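Heads up, the thing below is written out as structure tokens.
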Amino acid sequence: KQWYQRRVAITAGLLGVSIYGGISFYTFGALKEWDPLGKDSLGELSIRRRLLYGAFAGLLGQSISYPLDVTRRRMQTGGSKGDKLERYSTMRKTMKHIAMNEGIRKGLYKGLSLNFIKGPISSSISYTVFDYVNHFFAGKESY
Numbered sequence: 003k004q005w006y007q008r009r010v011a012i013t014a015g016l017l018g019v020s021i022y023g024g025i026s027f028y029t030f031g032a033l034k035e036w037d038p039l040g041k042d043s044l045g046e047l048s049i050r051r052r053l054l055y056g057a058f059a060g061l062l063g064q065s066i067s068y069p070l071d072v073t074r075r076r077m078q079t080g081g082s083k084g085d086k087l088e089r090y091s092t093m094r095k096t097m098k099h100i101a102m103n104e105g106i107r108k109g110l111y112k113g114l115s116l117n118f119i120k121g122p123i124s125s126s127i128s129y130t131v132f133d134y135v136n137h138f139f140a141g142k143e144s145y
């Protein structure tokens, strides 16, 4: 039973990472394409705009995928204490239990405020560096 629970927790983790990555990469790309005023004469965005859009993309992706992260952690740590094994046996049961007993804000989003501190810095740097490295390997020398 515990190996099943760990497998379900891994599935929750992979699902959370895919949702986070999909939303944040899409948001970053969409914001870069959408911005008509932040481009220079060569049609490129400034570093400040890239950092800002990367921070926003990371915040959005983290905010949407965070309940799955809480679910994964709860399934990995909470299932080894007897009666909790059944309560945390599936993602759906775990999310329902957390939402019913702790609430949405104080349960599924517990600890998100700490990620609002480290997340924007990390994602803005990551996306900006990714953009510049991608641009470099594409052979464009305009940066």
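Quick note on our numbering: the sequence shown kicks off at 3 and runs consecutively. We put the CB at the ideal spot given by N, CA and C, even for glycine. Values in this document were obtained by computation on a predicted structure and should not be read as measured data.
Give the C-beta separation of Ile100 and Arg74 to the nearest angstrom, bearing in mind that I take them to be a contact with Cβ-Cβ under 8 Å. No, Ile100 and Arg74 are not in contact; Cβ-Cβ is about 12 Å, not under 8 Å.
Measure the alpha-carbon distance for Met102 versus Gly109 and round it to whole angstroms. 9 Å
Just verifying my parser: in three-state terms, what is the DSSP assignment at Leu39? coil
Is there at least one Cβ from chain C nearer than 7 Å to Pro122's Cβ? Looking for chain C here will not work: only one protein chain is present.
Need the endpoints of the alpha helix (DSSP H) that Lys108 sits in, please. Lys108 -> no alpha helix (DSSP H), and no H or E assigned at all.
Expressed to the nearest angstrom, what Euclidean distance is found between the alpha-carbon atoms of Ala11 and Tyr68? 14 Å
In whole angstroms, what separates the C-alpha of Ser26 from that of Asp37? 17 Å
Looking only at its chain, what residues have a beta carbon closer than 6 Å to the beta carbon of Tyr96, apart from the 5 residues adjacent to it on each side? The sequence as given places Thr at residue 96; Tyr does not occur at that position. Excluding sequence neighbours, Thr96 sits near Thr73, Arg76, Met77, Tyr90.
Rounded to whole angstroms, what's the CA-CA distance from Ile123 to Leu47? Just pull it up for me. 18 Å
Pairwise C-alpha distance: Leu116 and Arg51: 24 Å
Going by beta-carbon coordinates alone, are Leu70 and Leu17 separated by less than 7 Å? yes
Exposed or buried, Ser2, counting other C-beta atoms within 10 Å across all chains shown (16 or more means buried)? Lying before the first or after the last residue shown, residue 2 is absent from the chain, which here runs from 3 to 145.
Local conformation of Tyr129 per DSSP, three classes: helix
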